[in-house]
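Chemist: Sequential numbering from 5 applies to the sequence shown in my numbering.
Ideal placement from N, C-alpha and C gives every residue a C-beta, glycine not left out.
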Amino acid sequence: MNTFFYFIKNTLNLIRYIPLLFFLFSCEKNDEYTVSVEVLPVESGSIDFLNKFYNENDDVYLKAFPNEHYEFDFWSGDVSSNQIEINFKINRNVRITANFKMIDSDNDGVPDKDDLCPDTDIGIEVNESGCSQENNDYDNDGIINKFDNCPETLQNTTVNEYGCSFIILDDNQKTLKAESFAKDYTDTVILFNGDSILIVDDWKNLRSLGPSSYKRDVKIVTTFVEEMREFCSLPCKISDDFDMSTWDLSNVKSMFLHFGIPMDLIRIYQIGMLAK
Numbered sequence: 005m006n007t008f009f010y011f012i013k014n015t016l017n018l019i020r021y022i023p024l025l026f027f028l029f030s031c032e033k034n035d036e037y038t039v040s041v042e043v044l045p046v047e048s049g050s051i052d053f054l055n056k057f058y059n060e061n062d063d064v065y066l067k068a069f070p071n072e073h074y075e076f077d078f079w080s081g082d083v084s085s086n087q088i089e090i091n092f093k094i095n096r097n098v099r100i101t102a103n104f105k106m107i108d109s110d111n112d113g114v115p116d117k118d119d120l121c122p123d124t125d126i127g128i129e130v131n132e133s134g135c136s137q138e139n140n141d142y143d144n145d146g147i148i149n150k151f152d153n154c155p156e157t158l159q160n161t162t163v164n165e166y167g168c169s170f171i172i173l174d175d176n177q178k179t180l181k182a183e184s185f186a187k188d189y190t191d192t193v194i195l196f197n198g199d200s201i202l203i204v205d206d207w208k209n210l211r212s213l214g215p216s217s218y219k220r221d222v223k224i225v226t227t228f229v230e231e232m233r234e235f236c237s238l239p240c241k242i243s244d245d246f247d248m249s250t251w252d253l254s255n256v257k258s259m260f261l262h263f264g265i266p267m268d269l270i271r272i273y274q275i276g277m278l279a280k
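1. Can you say whether Ile126 is buried or exposed, counting buried as having 16 or more other CB atoms within 10 angstroms of its CB?
2. May I ask which residues mark the beginning and end of the beta strand (DSSP E) holding Lys117?
3. Do the CB positions of Ile171 and Lys181 come within less than 9 Å of each other?
4. Quick check on the DSSP output: what are the complete beta strand (DSSP E) runs of length 3 or more inside the stretch 193-261, in order along the chain?
5. With a threshold of 16 other CB atoms inside 10 Å of the CB of Ser169, please say whether the residue is buried or exposed.
6. Quick check: what's the CA-CA separation for Gly214 versus Val204?
7. For Arg220 and Thr157, what's the separation of their Cα atoms in angstroms?
8. Starting from Leu173, follow its DSSP beta bridges and name the residues at the other end.
9. Here's the rule I'm using: 16 or more other beta-carbon atoms within 10 Å means buried, otherwise exposed. How should Leu202 be labelled?
10. Kindly indicate which residue of Asp112, Val163, Ser85, Val64 has the alpha-carbon position closest to the one of Asn97.
11. For Leu253, is the classification buried or exposed, using 16 other Cβ atoms within 10 angstroms of its Cβ as the cut-off for buried?
12. Distance check for Val130 and Lys187, CA to CA, integer angstroms please.
13. Could you check the C-alpha separation between Val41 and Gln137 for me, to the nearest Å?
14. Consult DSSP for Asp188 and reduce its assignment to one of helix, strand or coil.
15. Would Glu75 and Phe57 be called neighbours here (beta carbons separated by less than 9 Å)?
16. Where are the alpha helix (DSSP H) runs, 4 residues long or more, that stay fully inside the stretch 39-81, in chain order?
17. For Trp79, which option in Ile94, Asp110, Leu44 has the closest C-alpha, if you only look at C-alpha atoms?
18. Looking at the unbroken beta strand (DSSP E) that takes in Phe104, where does it start and where does it end?
19. Starting from Phe92, trace the beta strand (DSSP E) in both directions and tell me its first and last residue.
20. Using the DSSP secondary-structure output, state which residues sit across from Ser85 in a beta bridge.
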């Protein structure tokens, strides 16, 4: 009899605790999951996402943002996609990587930021600068090989659109001569083999330079001069910096020299005879 009452008592006690147990279990928190993100290569971009922790079946939204010189490539890890934005429901811990790559517009294997020839045709072999042989500039004159009619231009030399210098050095290795197409560049300082060059086409231009007090580190090319006269009033003393040793007088048709002029001016005549 006592056993029966003991059983009834324990059963009633258990029934009394059932609502409490139900309450405790019903208040248990939902499962919580984490989202871990990574960017490759490091510092190639970033990921926009709201939270690191999510409850089960929450929506997770991620968006990739490339840094300068990069573009988004693909997502990898627990979620795969090639879309820059992804959205999924979470039911476990997730690790995901945003992969970026350097922009290479012409797909030649050289990133745009290092590509000196950004419009290479598909399939053309290029060097480390992204240039094919025809797109290279072997003489560094600013004109690529396929358009360069003078592929061995001296360094630090001004060229035309075909890669040719306005100035050439005569066979005597001293006289500087202007090419015919340099006529439009008179009174303009250009470069030849690192030297500053001024092309003149009239003796008056020479006189206006002030030969007696000339101090400029600029060589003068006289190929287009056809008449030569005195540069200054007598007695005339030419500055040592007014270098006439490189003059080309091959086109001078008339030379007016007065009797009694100083030897400095006689040098002009001598140069003219050597150039003939």
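Modeler: Taking the definition as stated:
1. With fewer than 16 other Cβ atoms within 10 Å, it is exposed.
2. That residue, Lys117, is in no beta strand (DSSP E); it is neither H nor E in DSSP.
3. Going by C-beta atoms, Ile171 is nearer than 9 Å to Lys181.
4. Whole beta strand (DSSP E) segments, 3+ residues: 193-196, 199-203, 223-225.
5. Buried is the call here.
6. Approximately 14 Å between the Cα atoms of the pair.
7. Roughly 25 Å separates the two Cα atoms.
8. Checking the DSSP bridge columns, you'll see Leu173 partnered with Leu180.
9. A residue is called buried when at least 16 other Cβ atoms come within 10 angstroms of its Cβ; Leu202 meets this threshold and is buried.
10. That would be Val64, whose Cα lies nearest to the Cα of Asn97.
11. Buried is the call here.
12. C-alpha separation (whole angstroms): 38 Å.
13. The C-alpha of Gln137 is placed about 43 Å away from the C-alpha of Val41.
14. Annotated three-state conformation of Asp188 is helix, per DSSP.
15. Not a contact, by the Cβ cut-off of 9 Å.
16. The stretch 39-81 is shown to contain no whole alpha helix (DSSP H) run of 4 or more residues.
17. Looking at Ile94, Asp110, Leu44, the one whose alpha-carbon comes closest to that of Trp79 is Leu44.
18. Where Phe104 is concerned, the enclosing beta strand (DSSP E) stretches over 98-106.
19. Phe92 -> beta strand (DSSP E) spans 89-93.
20. Beta-bridge pairing links Ser85 to Trp79.
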